[in-house]
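Q: Have a look at this one.
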Amino acid sequence: MLVEQVNVLGTKQAVADKMGVSRAAVSLYLSGRYGTIGGRNDHFEAKALAAFSDRVNCPHLGFDIEKEACAEHASAAQPMSDAGALRLWIACRACPLNPHAKSKGEAS
90 MLVEQVNVLG TKQAVADKMG VSRAAVSLYL SGRYGTIGGR NDHFEAKALA
140 AFSDRVNCPH LGFDIEKEAC AEHASAAQPM SDAGALRLWI ACRACPLNPH
190 AKSKGEAS
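Residue numbers (the numbering used here): 90 to 197.
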């Protein structure tokens with residue numbers, strides 16, 4: 090996916106800017122050396138997915154879902170009769186992907 094984006098955007102710097110990382114990080118990842126210097130490939134890949142895909146990796150579900158589905162989960166009303174849906178709803182309240190999530194220090 091990143092090689093494709095470098096071709097589309099023209100430079101590694103443009104890809105890095107869109108992802109919010111350094112150009113060096115993009116170069117290291119593309120050369121297969123990002124993990125050898127202490128970088129976490131899973132975190133880097135999550136940033137790439139967020140920047141260049143219509144999908145995000147749901148930390149609660151443990152797999153990729155569409156951004157639209159993520160937004161629907163995040164804005165859903167509290168479920169009253171489904172324990173699994175309630176666990177997801179609770180996880181969404183504190184999820185870093187939820188733009189409306191309250192920080193720990195913020196009052197309800």
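Glycine included, each C-beta is placed from N, C-alpha and C at the ideal position.
Is it true that the segment 119-132 meets the segment 153-167, where meeting means three or more beta-carbon pairs spaced less than 8 Å apart?
A: No, because fewer than three Cβ pairs between the segment 119-132 and the segment 153-167 fall closer than 8 Å, the two stretches do not touch.
Q: What three-state label does DSSP hand Asn187 in the structure shown?
A: Position 98 of the sequence shown holds residue 187. Residue state, collapsed to three classes: coil.
Q: Excluding the 5 residues preceding and the 5 following Pro168 in the sequence, name in chain order all residues of the same chain whose CB lies nearer than 7 Å to its CB.
A: In the sequence shown, the residue the question calls residue 168 occupies position 79. Around Pro168: Ala174, Leu175 and Trp178.
Q: Grouping DSSP H, G and I as helix and E and B as strand, with all else coil, what is Val110?
A: As a first step, residue 110 is located in the sequence shown; it is residue number 21 there, counting from the start. Val110 falls in the coil class under three-state DSSP.
Q: Report the rounded CA-to-CA distance for Ala103 versus Gly124, giving the unit in angstroms.
A: Within the sequence shown, the letter at position 14 stands for residue 103. Within the sequence shown, the letter at position 35 stands for residue 124. Whole-angstrom Cα-Cα distance: 22 Å.
Q: Compare the C-alpha of Pro188 against each of Asp171, Ala163 and Ala180 and name the closest.
A: Translated into positions along the sequence shown, residue 188 becomes position 99. Ranking Asp171, Ala163 and Ala180 by Cα distance to Pro188 puts Ala163 first.
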